[in-house]
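Undergrad:
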Amino acid sequence: MALEDVSLVFINLDRARDRRAFMEDQGARLGLTLERLSAFGPDDIAKAERERLAASWERPLSGAELGLFFSHKALWERCCEEMRPLVILEDDAVLSRRLPASLASLPGEAGERFDLINLEYIGRRKYFGRTGAMPMAEGLCISQVARDKAGSAAYLVTPRGARKLLLAASDRAGPSDAFLFASGRLVVGQAEPALAIQAHILKAEGFEPPIDTTSQIGAPRRRPSLAPKNAPYHWRRLATQLSLLPYQAGRLTRLTMRKPQVDFSDFVSAGEDG
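Here UniProt numbering is used: the first residue of the sequence shown is 1, the next is one more, and so on.
(1) Name the two residues that bound the continuous beta strand (DSSP E) containing Glu-35.
(2) Assign Gly-151 to one of two classes, buried (16 or more other C-beta atoms within 10 Å of its C-beta) or exposed (fewer than that).
(3) Compute the beta-carbon to beta-carbon distance between Gly-129 and Arg-254, rounded to the nearest angstrom, for a pair I have assumed lies under 8 angstroms.
(4) Taking the alpha carbon of Ala-39 as the reference point, which residue from His-72, Ala-137, Asp-25 has its own alpha carbon closest?
(5) Looking at Leu-95: is its Cβ nearer than 7 angstroms to the Cβ of Gln-26?
(6) If we require 4 or more residues per run, which alpha helix (DSSP H) segments fall completely within the stretch 41 to 112?
(7) Measure the Cβ-Cβ separation of Ile-201 and Gly-123 and say whether it is below 7 angstroms.
(8) By Cβ distance below 8 angstroms, which residues in the same chain neighbour Gly-271 in space, the five residues on each side in sequence not counted?
(9) Mind checking Ala-169: buried by the 16 CB within 10 Å criterion, or exposed?
(10) What are the partner residues of Lys-126, as DSSP defines its beta bridges?
(11) Should the stretch 67 to 85 be regarded as contacting the stretch 128 to 147, the criterion being three or more beta carbon pairs within less than 8 angstroms?
(12) Three-state secondary structure (DSSP) at Gly-274?
(13) Within its chain, find whatever has a CB closer than 7 angstroms to the CB of Arg-185; leave out the 5 residues flanking it on each side and keep chain order.
(14) In chain order, what are the residue ranges of uninterrupted alpha helix (DSSP H) at least 4 long that sit wholly in the stretch 169 to 220?
(15) Under DSSP, the alpha helix (DSSP H) around Leu-245 begins and ends at which residues?
(16) Relative to the C-alpha of Ser-7, which residue among Ile-117, Leu-156, Ser-176 is closest?
(17) Since Leu-34 and Met-23 are thought to touch, with beta carbons under 8 angstroms apart, how far apart are those beta carbons, to the nearest angstrom?
(18) Have a look at Ser-56, Gly-63, Ile-117, Ile-197 and flag the residue whose alpha-carbon is nearest the alpha-carbon of Pro-85.
(19) What residue range is occupied by the uninterrupted alpha helix (DSSP H) comprising Arg-19?
(20) Which term fits Thr-131, buried or exposed, when burial requires 16 or more other beta carbons within 10 angstroms of its beta carbon?
(21) For Gln-144, which beta-bridge partners are listed by DSSP?
(22) Let me confirm a value: residue 310 is counted as buried when at least 16 other C-beta atoms fall within 10 Å, else exposed. Which label applies?
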């Protein structure tokens with residue numbers, strides 16, 4: 001699949017003009033066409049549906065979290081309609097200089113094998129298979145991920161993966177990154193070295209980010225209290241924790257838990273050039 005056949009879309013709130021400019025500048029510098037999706041806000045979701053879905057996760061979801069979830073969901077729907085892989089970005093994703101060359105080969109064999117390819121480094125460990133890595137062009141490798149944990153700022157989703165996500169989203173929602181990888185529903189690959197990194201992660205690693213790192217979602221939500229009315233939240237969280245036990249056991253044989261490989265110079269130079 002040629003580079004021009006791959007669509008890249010970034011999610012951006014109308015008020016976040018600086019982030020829109022940042023993403024468009026990155027696209028121009030890398031020779032990529034980045035489309036913009038105007039992000040959903042709480043008021044774009046019917047009140048009854050917003051209230052129902054806000055209570056469907058392991059804790060109450062904020063309006064901003066639901067807006068971001070619906071933005072990702074709209075792009076999953078587009079992926080299914082167009083019947084081709086789609087690269088989905090959030091507007092604080094710093095893109096690697098390797099991305100253009102890598103995209104020319106990613107949707108091919110890798111797209112047939114995986115439902116979703118995570119492109120970003122988020123600084124957290126995840127469960128990798130000890131074997132099965134797929135070498136690609138430009139020194140890129142797609143490693144098999146048995147269970148991912150977080151990161152929705154940069155990923156390639158296939159129509160098959162989008163259908164799975166839409167099926168799961170028919171009766172519940174969640175924080176966009178946690179929802180992507182919940183219950184191991186997708187066959188996931190990880191691009192190594194990573195091809196994107198959020199600005200605040202770059203800052204945490206000791207590098208000056210090219211844009212403001214203030215969250216567009218808001219402060220982290222507190223876990224619900226142990227009151228009886230919150231029992232459904234706690235049961236869901238317990239079920240998630242129990243689902244991780246087979247992966248922990250797998251570390252004795254077929255799995256390893258580590259951070260993805262990353263070359264920070266790919267992103268520092270990109271930020272300095274901008």
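Glycine included, every Cβ here is placed at the ideal spot set by N, Cα and C. Computed from a prediction, not measured in an experiment: that's the story for all the values here.
TA: Based on what the coordinates show:
(1) For Glu-35, the uninterrupted beta strand (DSSP E) segment begins and ends at 34 to 38.
(2) With 16 or more Cβ atoms within 10 Å of its Cβ, Gly-151 is classed as buried.
(3) 6 angstroms
(4) His-72
(5) yes
(6) 47 to 54, 63 to 82, 99 to 103
(7) yes
(8) Here the model assigns Gly-271 a pLDDT of 45, short of 50, so the residue's position is not dependable and the matter cannot be decided.
(9) buried
(10) Beta-bridge pairing links Lys-126 to Arg-258.
(11) No contact exists between the stretch 67 to 85 and the stretch 128 to 147.
(12) In this predicted model, Gly-274 has a pLDDT of only 39, less than 50, meaning its place in the structure is not dependable; the value taken from the coordinates is given anyway. It is coil, neither helix nor strand.
(13) Same-chain partners within the cutoff: Lys-164, Ala-168.
(14) 176 to 181, 199 to 204, all fully within the stretch 169 to 220.
(15) 245 to 250
(16) Leu-156
(17) Between Met-23 and Leu-34 the Cβ distance is about 6 angstroms, and since that is below 8 angstroms, they are a contact.
(18) Ile-117
(19) Counting along the chain, the alpha helix (DSSP H) containing Arg-19 begins and ends at 17 to 30.
(20) Under this definition Thr-131 is an exposed residue.
(21) Gly-189
(22) Nothing in the structure corresponds to residue 310, since the chain is present only between 1 and 274.
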